[in-house]
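Just below is one structure, and these are the notes that go with it.
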């Protein structure tokens, strides 16, 4: 098996981070991997906002939790109402990935970009977790003043976030893979 497949199989969502900030060179490598993702029509419609301000991360977390608490989804509702839950799991860095609204497929472009970033983080032995909710916040009045602090360019919508930091626990195991998900038609 080659190294790329090993990284894909080893990557896990990390939710327990060390407090130390990751290096700028590591962030640059992770962003670079995202920028080499495929995109619809070759639009490369993404924009990256790197947040390392703990107060702003807390403010974003609390705002998204209020939205989660109001949803009909029992899982998200329980996260939103939990005092212990932190959207970024106290990671020292979050990257918000926004898409150009004029692109052909900005949400899909950003999703593929995030996957590249998650794999790059794993290749650097940096913990990562794909985080949702920023798109919900962007659709609210409450979200506008908070999102202004992110300096996302006009014409871009935030879709996804990635929590990043050094892993506290190194030995995360994969859940068993589901069976009978493949059909061959020849």
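Numbering (our numbering), first residue to last: 3 to 188.
Glycine included, each C-beta is placed from N, C-alpha and C at the ideal position.
Residue i burial status per 10 Å Cβ neighbour count (16 or more: buried)
i	result
residue 177	exposed
residue 211	The structure shown does not extend to residue 211, since the chain spans only 3 to 188, so no value can be given for it.
residue 8	exposed
residue 188	exposed
residue 169	buried
residue 6	exposed
residue 122	buried
residue 108	buried
residue 82	buried
residue 15	exposed
Any non-hydrogen atom of the ligand FAD closer than 6 Å to residue i Cβ
i	result
residue 100	In the structure on display, the ligand FAD does not appear, and there are no ligands present to speak of.
Collapsed DSSP secondary structure at residue i in the structure displayed
i	result
residue 3	Because the pLDDT at residue 3 is just 44, under 50, the model does not fix this residue reliably, and the value given afterwards should be weighed accordingly. In this structure, residue 3 counts as coil in the three-state DSSP scheme.
residue 152	coil
residue 77	helix
residue 159	strand
residue 169	strand
Closer than 7 Å to chain C by CB, residue i
i	result
residue 153	Annotation note: the requested chain C is absent from the structure, which comprises a single protein chain.
Bounding residues of the beta strand (DSSP E) (the contiguous stretch that carries residue i)
i	result
residue 100	95 to 102
Q.
For the pair the region 49 to 58 and the region 94 to 109, tell me if three or more CB-CB distances fall below 8 Å.
A. yes
Q | Segments of 3+ residues assigned as beta strand (DSSP E) that fall wholly inside the region 110 to 145 | A | 128 to 133
Q.
Threshold first: 3 residues or longer. Then list the beta strand (DSSP E) segments lying entirely within the region 4 to 75, N to C.
A. 48 to 53
Q | Segment contact, 8 Å Cβ cut-off, at least three pairs: the region 161 to 168 with the region 109 to 120 | A | yes
Q.
Using a Cβ distance threshold of 8 Å, determine whether the region 17 to 36 contacts the region 132 to 147, with at least three qualifying pairs required.
A. no
Q. Just checking, does the region 140 to 150 make contact with the region 61 to 68 on the three C-beta pairs under 8 Å criterion?
A. yes
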